[in-house]
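Data first, discussion second: the structure below is written as structure tokens.
Residue numbers (my numbering): 99 to 595.
Written as structure tokens, this is what we have:
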């Protein structure tokens, strides 16, 4: 029986006992058909392709739901999906009844975020040829489009490619950075009253180099969010936050100004040394930048982590401990825009070396995979995987893989941001969780808006006493008592703690 605890952390380290972990090799089962999440798109009329996916518990029932974005060459013929998790291994597409049935855009990405800090998840949809859309969660399973009233990207300028949310000024409200081609990128400051103000140029982050993606993180551990921007065939950018709402571009200075045809980036602590490293996926070879502290990075990509599978086109990466051995692994989507398609790759980590896995149940056939999202949709302690495929003629539909590693002991931490006035958000974007065993760091995850900004899932050692540290806007927030056998913990972390 799963035990759950809910608490706000203050003070000193939280210590609790967990028992019975059994390490497992990665093993996946394709359950797309029975789950009802194939995202099948019509084969006639305008070509349609899947483009992105993100997990989030929008109805606050305790399990993760799934939002999938789609693209069509005719703007009026694409339709995004909102798959509600029924809690029994199946999903229902409720986009129309939830007020999202009119979404008919060239959508390329989406983020679950609680922008208004009212305790439920809202969704931001990035549309390439059309205006982006912000949907406010009404708290009853329905959404209202509030793009205009919120003053977010009201005037379409350039082609939007992606978006990243983070609280760059530490006021407890998420701000949004929008990536574009053919126009400068934009940073919208969240005013805390349901509206946003565009400040990209004044803040120093108005990149105009055909950006593909962005990722917020506190790479230098100074207590504020910095920003990495992936640019297509031009130098990538790292904007260092000075703590006062101003940024300085330092990518070249710290040696992460990758100039390949970039597609995406992820901040992860793959080597468990307490700071965040950076993985960049490209056309022609990926990069893994190890953070050595003091504004120093070293590209250590070699072998499988650089050249994932047989592909020369990588699109996104989804990091999680898929084999429940305590190390972060990575799934890399490959093949979109390749005429013959390419197989995506799961790379597991051992002793800081990554090896491509085969025989895991994941597809080894060429696909036009363009995106993926990792999340424990069935709440069994191992991270499942949804792979979005382009679905060009001859290629398979998008796929949900259930992870069957089934650890006997695990800890799922659902994170919430807390504002200065005590309001609790439904996401933990910008927070970090660290797990220590006898003072040794055995787990560390940063929560982002990319694919699952609510939950961090850890495998934990058998019969071990572990310490949980949650790193918030101003430092570590701790002090919680959790019953032996607890597998799910809800924590709220905010300013001033």
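The C-beta atom is built at its ideal place from N, Cα and C for all residues, glycine as well.
Residue i versus residue j - alpha carbon distance
| i | j | result |
| --- | --- | --- |
| residue 190 | residue 241 | 16 Å |
| residue 133 | residue 500 | 10 Å |
| residue 231 | residue 332 | 28 Å |
| residue 456 | residue 462 | 8 Å |
| residue 136 | residue 416 | 19 Å |
| residue 220 | residue 153 | 12 Å |
| residue 159 | residue 545 | 20 Å |
| residue 246 | residue 252 | 6 Å |
| residue 338 | residue 509 | 33 Å |
| residue 342 | residue 185 | 44 Å |
| residue 161 | residue 351 | 43 Å |
| residue 528 | residue 512 | 13 Å |
| residue 367 | residue 467 | 25 Å |
| residue 598 | residue 403 | Because the chain spans 99 through 595 in this model, residue 598 falls outside it and cannot be assessed. |
| residue 235 | residue 396 | 42 Å |
| residue 596 | residue 535 | Not covered by the structure: residue 596. The range shown for the chain is 99 to 595. |
| residue 199 | residue 170 | 16 Å |
| residue 548 | residue 273 | 14 Å |
| residue 326 | residue 164 | 26 Å |
| residue 555 | residue 329 | 31 Å |
| residue 119 | residue 537 | Low local confidence applies: a pLDDT of 49 at residue 119 is under 50, so the model's placement there is unreliable, with the coordinate-based value given in what follows. So the two alpha carbons sit approximately 19 Å from each other. |
| residue 238 | residue 309 | 36 Å |
| residue 324 | residue 222 | 21 Å |
| residue 261 | residue 412 | 19 Å |
| residue 321 | residue 279 | 31 Å |
| residue 423 | residue 541 | 10 Å |
| residue 445 | residue 519 | 43 Å |
| residue 166 | residue 477 | 20 Å |
| residue 447 | residue 515 | 31 Å |
For residue i, the three-state DSSP class (helix, strand or coil)
| i | result |
| --- | --- |
| residue 570 | strand |
| residue 135 | coil |
| residue 130 | helix |
| residue 268 | coil |
| residue 544 | strand |
| residue 301 | helix |
| residue 316 | coil |
| residue 537 | coil |
| residue 411 | strand |
| residue 401 | helix |
| residue 254 | coil |
| residue 276 | strand |
| residue 325 | strand |
| residue 261 | strand |
| residue 553 | strand |
| residue 331 | coil |
| residue 288 | strand |
| residue 563 | strand |
| residue 532 | strand |
| residue 383 | coil |
| residue 295 | strand |
8 Å Cβ cutoff met for residue i and residue j
| i | j | result |
| --- | --- | --- |
| residue 374 | residue 315 | yes |
| residue 480 | residue 504 | yes |
| residue 524 | residue 472 | no |
| residue 283 | residue 270 | no |
| residue 443 | residue 430 | yes |
| residue 532 | residue 539 | yes |
| residue 258 | residue 277 | yes |
| residue 488 | residue 150 | no |
| residue 250 | residue 294 | yes |
| residue 517 | residue 215 | yes |
| residue 364 | residue 313 | yes |
| residue 288 | residue 233 | no |
For residue i: DSSP bridge partner residues
| i | result |
| --- | --- |
| residue 163 | 154 |
| residue 452 | 447 |
| residue 440 | 465 |
| residue 338 | 346 |
| residue 416 | 429 |
| residue 281 | Answer is none; residue 281 lacks a bridge partner. |
| residue 125 | None, per the DSSP bridge assignment. |
| residue 396 | 388 |
| residue 148 | 168 |
| residue 558 | Paired residues: none, contrary to the question. |
| residue 310 | None; residue 310 has no bridge partner. |
Test: residue i CB closer than 8 Å to a CB of chain D
| i | result |
| --- | --- |
| residue 429 | Of the protein chains in this structure there is only one, and it is not chain D. |
Inset, instruction - Note down, one range per segment and in chain order, each beta strand (DSSP E) of at least 3 residues found wholly within the segment 175-249. - result: If we require 3 residues or more, the beta strand (DSSP E) runs fully inside the segment 175-249 come out as 179-183, 189-191, 205-211, 220-225, 231-235 and 241-243.
Inset, instruction - Please go through the segment 457-513 and give each complete beta strand (DSSP E) segment of 3 or more residues, from N-terminal end onward. - result: Considered as a whole, the segment 457-513 harbours 467-473, 482-487 and 497-501 as its complete beta strand (DSSP E) runs of no fewer than 3 residues, in chain order.
Legend entry - 3 or more residues per run - each beta strand (DSSP E) lying fully within the segment 341-379: Considered as a whole, the segment 341-379 harbours 345-347 and 359-366 as its complete beta strand (DSSP E) runs of no fewer than 3 residues, in chain order.
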